[in-house]
Structure formats: structure tokens, C-alpha cells
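Following my numbering, the numbering of the sequence shown begins with 587 at its first residue and continues without gaps.
Comments concern the structure below.
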Amino acid sequence: MSTALNATSDIPGLAPLTPVLSDIWDAPESWTLPVYEQHRGYAGLRSALAKTPDEVIGLVKESGLRGRGGAGFPTGTKWSFIPQEDGKPHYLVVNADESEPGTCKDTPLLMANPHSLIEGIVISCYAFRASHAFIYVRGEILQVIRRLQAAVAEAYEAGYLGTDVLGSGFALDVVVHAGAGAYICGEETALLDSLEGRRGQPRLRPPFPAVAGLYACPTVINNVESIASVPAIIDRGPAWFASFGTEKSKGFTLYSLSGHVANPGQYEAPLGITLRQLLELSGGMREGSELKFWTPGGSSTPLFTAEHLDVPLDYEGVAAAGSMLGTKALQVFDQTTSVVRAVLRWTEFYKHESCGKCTPCREGTYWLVQIMERLEAGTGSPADIELLLDLCENISGRSFCALGDAAATPITSGIQYFREEFEAGLQTPAWDLFPTSAPPSYRRAPGPVRNDETDRRCPRVRRSTGDFRSFAGTTMREPPTARPSPDTDQRGCRGAFGVT
Ligand SMILES: Cc1cc2nc3c(=O)[nH]c(=O)nc-3n(C[C@H](O)[C@H](O)[C@H](O)COP(=O)(O)O)c2cc1C
Ligand code: SF4
């Protein structure tokens, strides 16, 4: 486990880290209810129940909390869209599908501190008057599901969930639902379809989920980190939260630092910190490594280079510099990395995860991979770079959901900053240009359509089914294909938080 929490927060001249969500991660058995309660756990809930629901919404609005799932939409405003007095059930759906390459913040949060999410769920549901909440978890990560189930059971036992939460008369049930491992099911409307037992594909909007979401009822969908941030806001006050961060991007957040850095891990810091500061706090680049390029918010966000080291990592700062804050997954690459190869790996991911609903993304991602494979193998044709850009233009903004834009983004920004590497792909294989970073398993020449490509006209959107559904306090049946995530080392989770 390489998480570097609280590290060097007292270095003079450096912006301090702000461990709030992560403050108890180092505590023994931090995921249990007694440990959470010893650290002011459920104090925010007690405070919320003493207020009216509208007052709680007002506090969250006042704090300036913005969604941590990627788009940064103001959380309190989203809650206020739920129509009251409509006679319909309201739902909260927590998006715990975290699958974006490089993104690994919700998983460690759920492993180390699941009660912060559960407390946030109770407060949120009280605020917008929902009596059912669903946590939609990425199904491959069984240890997270088990931990969440255990925490939900603890919360029921202690009276934080159930028919009469802490004697307030407020009733809330929480369901932990395991998806089956499709990236598109993180898109909020595809998630709703999947939760309803359908094939996970995005829905046409309007109607928006706040009006007709789960089971056609008003629904709030929020990211894990967004909801887990709520208890501290209610407990310590919106002014305290807003004292961190920048003018329009308030508060603190989890930055996931990965790649060729000395100490990859989760760093909780105020919004607006820069990568330069995070690298100084975390021990810098790996020995012998020089920063070449990086993503500010996962593979869906346009690449940055060393010239962007001082860009404030908040929503406005990153956008002004031509990218997006996204999930704050800072993937850092050094001089040994081929941009063409790295971008191809991401493109393959998007092609595989394309749900197939719309033509630009379904067909376009397939063609992007074909061309990128040629460039990686040094067998590109002179028109390939313009062809890539033309394809990206036809995918971006013309796809049904943001996955199409995401697929185009690494390619266009890669060409913008490293065009010469793409041009070199007309005659030189990437593994010759960057020999140290070319594991033999990646060395393959482009050829006829492979087996895994023949299924693109019948995309494999794996649905969650009733078999995987789990209700609080009951034992979940494991999906037959599920196994521990093979990349748990990279994700910084194996061996941590009581899981071996
Ligand atoms: C392809 C795709 C995948 C997504 N995956 C996730 C995800 O895994 N987790 C998440 O919280 N949001 C994800 N989102 C964003 C959600 O659609 C939605 O904006 C978010 O859950 C809202 O929560 P927030 O307001 O708290 O950020 C994804 C969006 C797209 C287009
Ligand atoms: S953009 Fe891709 S993932 Fe989104 S609806 Fe179209 S095919 Fe599906």
C-alpha cells in the first residue's frame, strides 16, 4: 500500500494537506462503527436531525460543495431540484461504480471509512425526503461490497438506519447493489437502467433524474465522495468547509496520484493545489524520472505537460488551461513513456466499454484503435494523423453520452502536444522509440480483426441481475465471474484496510 496520508503537511511554505475524509484511514480497523464514532462519527447526523430538511439543503448549498464524480455540479442545488409534495417516492443513488482509468479514490474511501458514506446518505435522504437509498458498487471489487454490507448492517443495528433513525421518526433503508463491471454504468442514466435490471445504456434527457429517475421517480445521483463530504459540512459548518479551496471551487478533495511518482496514493488537499505542490508534498517523481505528460482528471481529460505544473487544480483553473478536473486522477508519466502507446491503451479501453447505443462512438472507437495500432507498430500511413483528428471531430460532441468525447480527448490532446511521436509512428514502432517501456506482451503488429473485436456489433454490456442484488444484512451471492481485481496493487488497495 503506497498511500501517503498526512505526509509532510507541515513543510514550511507548502499548502498543507487537509485530511478530513481520510483522517481516520490510519486508525486500526478504521472501517468499524466504534472507531468511526470515536472520531465524531454520526455527530453530523444528530445535528442534521435537529434541523428542518430545507435547512440542511441550505447548509450544503452554502458550503459550495460540488459533485466529485467528474462534472462538478453543485450538490445542494441538485438536491433542491427534487420536487416536494409530489406524492412520489424519492430515491438517492450513490454512484460507486468508479472505473475510469487512473481513478482510485472512492474505492479506498469505501474500504477505510464506509461509515462516512452511510452517514452522508442518511443526512442527504433526510434533506430531500427520500426513504430509500441505493449504493451502486462496481461489482468486480468484492472486498468493497463486503465491507459496505458489513457497515450497513452495523448502522442498522445501531439505529442509524431503519424505520426510526435515532428515534426521529425518519425511516431509511439502504441497499448495496453490485453492478457487473461496465464503465458505462457509471454514467448516471445508464446506472439507473442497470439498477432497474435493464441493459446499462444512457437514457435520453430530458426528463432528468430529478424529475423521472429510478422507477420514474425523482432521484438524486451523487458520487461517493460527494455524499461522504456531507457529514463534516453539517458537523463543522458550511463556513468551515468553504474556507478551503478557491472562490468557485470550495473545500478539499481526494487527489489520486499515480504513475512514475515516488509515492503514489491518495492526497486529500484543498481544491486549487497544483501538481507541483502535490509532487513536493509526496516526494516528487520516481528516481531518474522527468515529468513528460499527465492527466488532471483521469484518462477522459485532455493531457497536460510539464508546462502545466502550476495550473490550480480546481474546476475553473484546469478548464482555463484547456482540460477538465474530472475525477482528480493525476496519472503522471515520465520520459520513458510512449504517448502513442499510452493513448492507444486508453483508446482500447473506450472501444471495449462503448455500449454500442450510438454510431459515432460504437464505430468510431473501433476505427480509432485500428489507426492507433498502426502508429504504435510504426506502420502508419501519411494520412493517419489527419484521419484520427477527423474521426475525433466526428465522435466528440456527436455521441449520445460523454464516453464518446472521452475517447477522443486523449488522442486530440496527445497530437496537440506530441505530434512528432505520432508522425514517428509512420515508420518507427513505439517499442523502438521507447524500448524500456515496451513489455513484450504489448508488442503486437496490427492484423486482421481479432476475436475480441468481432463482438463489437453485439456489444457486451454486462448487466447486473437479481442474483447480484444484495439487501442490507443479507448475504450476497457472488457473481459467478467475479474475482478480486487483478490490479489491486496499482489501485493501492491490496493489503490495506484489513484485506489481504
Ligand atoms: C462514461 C461515464 C462514466 C462515469 N462514471 C462515473 C463513476 O464511476 N462514478 C461517478 O460518480 N460518476 C461517474 N460519471 C458521472 C456521472 O454520470 C454523474 O455525473 C455523477 O455520478 C454525479 O455525481 P456528482 O454530482 O456527485 O459528481 C460517469 C460519467 C460518464 C459519462
Ligand atoms: S457515446 Fe458510446 S457509450 Fe455513450 S451511448 Fe454512445 S455508444 Fe454508448
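Just so it is clear, CB atoms sit at the ideal spot from N, CA and C, and this is done for glycine as well.
Being a predicted model, the structure only gives us computed values, none of them experimental.
Distance between residue j and residue i (C-alpha atoms, nearest Å)
i	j	result
V897	A906	9 Å
D705	R715	First, the residue type needs correcting, since residue 705 is Glu and not Asp in the sequence shown. Cα to Cα, E705 sits roughly 15 Å from R715.
T891	L703	35 Å
G966	F879	23 Å
Q624	I813	20 Å
V708	T881	34 Å
P605	E934	36 Å
P602	E866	11 Å
E876	G745	53 Å
A992	T749	42 Å
P825	A818	It should be pointed out that residue 825 corresponds to Ala in this sequence rather than to Pro. Taking the straight line from one Cα to the other gives about 11 Å.
L899	L911	7 Å
I668	I957	46 Å
A634	A739	22 Å
I859	K914	11 Å
L535	F1008	No answer is possible for residue 535: it lies beyond the span of the chain, which begins at 587 and ends at 1086.
S922	L651	Reading off the sequence shown, one finds Thr at residue 922, where the question assumed Ser. Approximately 38 Å between the Cα atoms of the pair.
W665	Y712	11 Å
T945	G653	30 Å
E972	I643	49 Å
F720	S924	41 Å
S909	L1019	27 Å
E782	G799	10 Å
R931	P1021	17 Å
Supposed contact pair residue j and residue i - C-beta distance, whole angstroms, cut 8 Å
i	j	result
S835	L864	Incorrect: roughly 16 Å between the Cβ atoms, too far for contact.
F827	A855	That pair is no contact at about 14 Å.
C947	G883	With 8 Å as the limit, C947 and G883 do not qualify as a contact, their Cβ atoms being about 20 Å apart.
P639	Q852	Not a contact, Cβ separation roughly 32 Å.
K691	S842	5 Å
G630	K647	That belief does not hold up - the Cβ atoms of G630 and K647 are roughly 16 Å apart, past 8 Å.
L954	L975	That pair is no contact at about 11 Å.
G627	H676	Not quite, the Cβ-Cβ distance comes to about 25 Å (not below 8 Å), so this is no contact.
A848	G869	4 Å
Proximity below 9 Å, CB of residue i to CB of residue j
i	j	result
P996	V929	yes
V723	V762	yes
H718	L752	no
A1016	R927	yes
S885	G755	no
S985	G950	yes
E994	G964	Contrary to the premise, residue 994 reads as Ala rather than Glu in this sequence. Going by C-beta atoms, A994 is not nearer than 9 Å to G964.
A741	V760	yes
E641	Y769	no
S844	L734	no
Residue i classed as buried or exposed, judged by whether at least 16 other C-beta atoms fall within 10 angstroms
i	result
A636	exposed
F659	exposed
D1053	Its pLDDT being 26, under 50, D1053 is placed unreliably by the model, and nothing is read from it.
F1004	buried
S940	buried
L790	exposed
R1106	In the structure as shown, the chain begins at 587 and stops at 1086. Residue 1106 is therefore absent and cannot be evaluated.
P792	exposed
G767	buried
E962	buried
A969	exposed
E893	exposed
E726	buried
P850	buried
P788	buried
Own chain partners of residue i with C-beta closer than 6 Å, once the 5 adjacent residues on each side are dropped
i	result
C771	D683, G765, L777, S780 and G786
L895	L861 and R862
E902	K834
I1001	F1008
A613	V621
P795	T805 and I807
S649	I819, P824, F827 and A828
A757	S717 and T749
L1012	G966
P1032	With a pLDDT of 47 at P1032, under the threshold of 50, the modelled position of that residue is not reliable, and no figure is offered here.
Proximal residues to residue i (C-beta, below 8 Å), its chain only, five neighbours per side dropped
i	result
K674	C803 and P804
N681	G655, Y722, G772, E774, L777, I807, N808, N809 and V810
V730	A682, T693, L696, M697, V723 and R724
Same chain, Cβ closer than 7 Å to residue i, five either side skipped, listed in chain order
i	result
H846	M871, R872, S875, V918, F919 and D920
N980	P946 and G950
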